[in-house]
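Residue numbers (the numbering used here): 9 to 239.
Don't be surprised by glycine CBs; every beta carbon is placed ideally from N, CA and C.
To start, the structure itself, in structure tokens.
This is the structure:
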């Protein structure tokens, strides 16, 4: 990313989550899954085994995790959670590693494409929960690989505008004393020292991810990015 003084953001006319219909959100989810399936189909074996932005997971394990909800019933989910002694983190980690070994790369891509219209969403998630799950995990893959794919602006705005203090706490995103400012959208979050970045990179920050160096700018001189935000 260019380290020069950030340019003024473009004005956006996208709607907030509260004014977007369920059908429109479902269509965005389906499109995101199909597009990500196309990305996965184009990856090399080395890329599949490369680290993602999800700590401890390869690209293959992220892709396996993304399809878990399509393949697991409610009783099955409860059984997996019980097996993990009630730890959601332990359950998702175990199932991702298991399923990454069980499915081929082609099968993992197909699971996303064939379930583009599946109604699954994360437990207790709001109306944009499934979209957030798919967009963020997709970015876990593409940003880590340096892949050029960009998430469409309307999907980013839906997710950025849906962020709450509760979601920040859940994902461990401590932004105390910081203001996030998108360089490519009319969007800011928080108060304090400005940190600039592309909207999709700032979305990752909101979901507790640490980004590769050079993707964020802190302050007008392009420095002072808090070390907690970069890998």
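- Counting only runs of 3 or more residues that sit fully inside the segment 131 to 203, the beta strand (DSSP E) segments are 186 to 190, 196 to 198, in chain order.
- One thing to note: residue 61 has its Cβ within 8 Å of the Cβ of residue 217.
- Here the alpha carbons of residue 126 and residue 100 stand approximately 19 Å from one another.
- Here residue 224 really is in contact with residue 205; their C-beta atoms are around 4 Å apart, less than 8 Å.
- Counting only residues of its own chain and dropping the five nearest sequence neighbours on each side, residue 30 has a CB closer than 8 Å to the CB of 135.
- Within the same chain, Cβ atoms closer than 7 Å to the Cβ of residue 124 are found at 38, 41, 42, the five residues on either side in sequence being excluded.
- DSSP places residue 224 in the strand class (E or B) of the three-state scheme.
- In terms of Cα proximity to residue 184, the closest of 203, 195, 168 is 203.
- With contacts defined by Cβ atoms closer than 8 Å, residue 144 and residue 215 form a contacting pair.
- Between the alpha carbons of residue 207 and residue 44 lies a distance of about 18 Å.
- Taken through DSSP and simplified to helix, strand or coil, residue 219 comes out as strand.
- Take the alpha-carbon of residue 107 and the one of residue 73: they are about 8 Å apart.
- By the 16-neighbour rule on beta-carbons within 10 angstroms, residue 199 is exposed.
- Counting along the chain, residue 47 sits inside the alpha helix (DSSP H) bounded by residues 30 to 49.
- For residue 77, the uninterrupted alpha helix (DSSP H) segment begins and ends at 76 to 79.
- 175 is the residue among 175, 89, 209 whose C-alpha sits nearest the C-alpha of residue 133.
- Residue 75 counts as buried, since at least 16 other C-beta atoms from the protein chains shown sit within 10 angstroms of its C-beta.
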